[in-house]
Amino acid sequence: MRHKLILSRLSNDWKARQAQMLAYGAHLRRQYEDRVQYWRSRAQSRIRALSVRQLMNVTVILDSIDHAKLRWPRSLLLQSKDFASFARPYLTCTGVIIHGHLAMLAISENHVSADSSRTTEIVMHALERLQRKMIDVRMIELILQSDNCSKEGKNNTLLRTLAGLVASRRLGRCECRYLESGHSHEDVDAWFGQLAGFIEQHQDVPTPEAFTELLTAFLHAQPRQNEEERVVVKLDQVRDWRFGLDVT
55 MRHKLILSRL
65 SNDWKARQAQ
75 MLAYGAHLRR
85 QYEDRVQYWR
95 SRAQSRIRAL
105 SVRQLMNVTV
115 ILDSIDHAKL
125 RWPRSLLLQS
135 KDFASFARPY
145 LTCTGVIIHG
155 HLAMLAISEN
165 HVSADSSRTT
175 EIVMHALERL
185 QRKMIDVRMI
195 ELILQSDNCS
205 KEGKNNTLLR
215 TLAGLVASRR
225 LGRCECRYLE
235 SGHSHEDVDA
245 WFGQLAGFIE
255 QHQDVPTPEA
265 FTELLTAFLH
275 AQPRQNEEER
285 VVVKLDQVRD
295 WRFGLDVT
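Under the working numbering, the residue at position 164 of the sequence shown is numbered 218, and the numbers go up by one with no gaps.
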């Protein structure tokens with residue numbers, strides 16, 4: 055969007071417009087190369103391919119949905135103009151896809167902090183579910199794909215935790231990847247689009263527990279041939295993963 059805005063204002067300067075076109079083309083190439091890297095890792099994770107270090111590739115992508123989609127209670131009565139200024143609480147929902155293994159939705163109420171500790175808690179829970187499937191996480195290569203923002207994966211709390219797992223040999227290898235601004239996760243975004251349409255079909259959702267049941271029904275109704283296990287997890291509290299990890 056920024057490149058297009060600059061180009062629209064350089065219509066009278068041919069040289070500047072040409073230079074900006076070159077910069078815009080380089081930006082598009084970087085975006086496509088990022089997608090190619092993700093598509094390759096996704097395919098390797100689905101077939102459980104081994105790397106040159108004999109570590110099994112496990113690619114994880116995570117992102118959060120817009121809060122407006124998960125406001126509660128949902129009711130036809132609330133569409134009246136009398137409730138136009140009624141501030142409804144919301145649920146924070148993060149989608150996690152472990153390609154070839156698991157599709158998970160983690161939700162929490164607005165009293166649970168949506169910070170780096172919450173993301174770390176979700177990633178650690180995803181690794182625990184891999185262990186329940188008799189997968190030795192000491193022999194995997196974890197590829198974590200997320201947005202280029204501190205709320206999701208680009209924060210010291212998650213990086214230090216994953217680095218600690220690798221250093222203590224509890225995790226074979228880990229690589230964190232972040233998309234440039236303006237990117238979109240086609241897997242998660244398409245998933246959230248289907249989820250938003252499913253929620254709009256149900257107008258009577260009075261409580262967070264009812265939302266949990268609704269999301270569970272969505273996961274089981276959705277065909278995902280590569281991810282057999284599908285689960286909705288409700289976070290009532292989150293550990294402070296920053297404790298003891300501060301550098302002094």
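All C-beta atoms in this analysis are idealised placements derived from N, C-alpha and C, irrespective of residue type, glycine included.
Counting C-beta neighbours from all protein chains within 10 Å, is the total for Asp300 16 or more, i.e. buried, or is it exposed? Per-residue confidence for Asp300 stands at a pLDDT of 49, beneath the threshold of 50, marking its modelled position as unreliable; the derived number appears in the next sentence. Exposed, since its Cβ has fewer than 16 Cβ neighbours within 10 Å.
I need the boundaries of the beta strand (DSSP E) containing Val285, first residue and last residue. Per DSSP, Val285 belongs to the beta strand (DSSP E) from 283-289.
What does Tyr232 pair with, by DSSP beta-bridge criteria? Ser200
Could you give the DSSP three-state label for Ile253: helix, strand or coil? helix
Other residues of its chain near Gln248: CB distance less than 7 Å, five sequence neighbours each side excluded: Gln276
Which of the three DSSP states, helix, strand or coil, is assigned to Gly149? strand
With a threshold of 6 Å on Cβ separation, who are the neighbours of Asn164 within its own chain once the five nearest residues in sequence on each side are excluded? Pro143, Tyr144
Quick one: is Ala70 buried, meaning 16 or more other Cβ sit within 10 Å of its Cβ, or exposed? Per the 10 Å Cβ criterion, exposed.
Closer than 7 Å, CB to CB, is Tyr78 near chain B or not? Checking the listed chains, one finds no chain B in this structure; it contains a single protein chain.
Could you tell me the boundaries of the beta strand (DSSP E) in which Ser105 lies? Ser105 -> no beta strand (DSSP E), and no H or E assigned at all.
Can you tell me whether Tyr86 is buried or exposed, with buried defined as 16 or more other CB within 10 angstroms of its CB? exposed
Alpha carbon to alpha carbon, how far is Ala180 from Leu76? 41 Å
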